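In the working numbering, the protein residues as written are 1150 to 1423.
Even for Gly, the Cβ is constructed at its ideal location relative to N, Cα and C.
Keep in mind that this is a model prediction, so the values were computed, not measured.
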């Protein structure tokens, strides 16, 4: 594990956060590693994450919610695919929040979120989340400012309730640069196999890059709390991003001090027979 610690990327609750404080291309925690030689460290982390998830599932006592946000091409899908690739599908669920449906818009904005939070023994990943209903509303001016401003309070209270009921919440923003986004968008356009991942509407959000950065900066600073802190992970280097996220998950699950449940019977007294 890196000696400097993943808390380098923690947004301290109550502090003023600035996006520029995180270098999107740094690799500070693993300065001695590169894309070509990080696999051994990465495999070790994923093996431990696999083990910890098994204990989580077996013990049926804790709940873990991972919230992942990013700009388009920020690496949400790739991060989930690779970091969690060794975890038993029975104990994990990934839910993506798209544009609200007509039915969802007829309810409060958290109505569509609550049914998907984890139960005991489960690890749930939100690929985009309830925070979209603040960011999109603010940047695209879908409703008045009073709507997204009060949603800060609603989200904080919702997450506090989840935490007090036993959910460990890990919120991650994958931070890429505008230049890196350009490279990734161009790579998708150049590869016919990846055309399905390209949405021309994403270019409208790219044109609002500054507005989104300001909105994220404000949102992350105001909603990073003791019970649900944000981690802003440099994501220009995909291998480094994955190492950081895997490291963060391992540390959080370790901190739960979980154990496999002990049987209420004596294993030595059981004979399987012929």
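- The segment 1166-1175 makes no contact with the segment 1204-1214; the number of CB pairs closer than 8 angstroms stays below 3.
- In the three-state reduction of the DSSP assignment, residue 1269 falls in the coil class, being assigned neither a helical nor a strand state.
- Nearest in C-alpha terms to residue 1199, of all of 1423, 1399, 1367 and 1302, is 1399.
- DSSP places residue 1218 in the uninterrupted beta strand (DSSP E) bounded by 1212-1219.
- Straight-line measurement puts the Cα of residue 1392 at about 22 angstroms from the Cα of residue 1244.
- Going by DSSP, residue 1243 is part of the beta strand (DSSP E) stretching over 1241-1245.
- Looking at the DSSP output, residue 1173 bridges to nothing.
- Contact between the segment 1371-1388 and the segment 1312-1324 is present: three or more C-beta pairs spanning the two stretches fall below 8 angstroms.
- A Cβ-Cβ distance of about 11 angstroms is found for the pair residue 1237 and residue 1271, leaving them out of contact under the 8 angstroms criterion.
- With fewer than 16 other Cβ atoms from the protein chains shown falling within 10 Å of its own Cβ, residue 1411 counts as exposed.
- Residue 1275 is bridged by DSSP to 1216 and 1244.
- Collapsing the DSSP output to three states places residue 1419 in coil.
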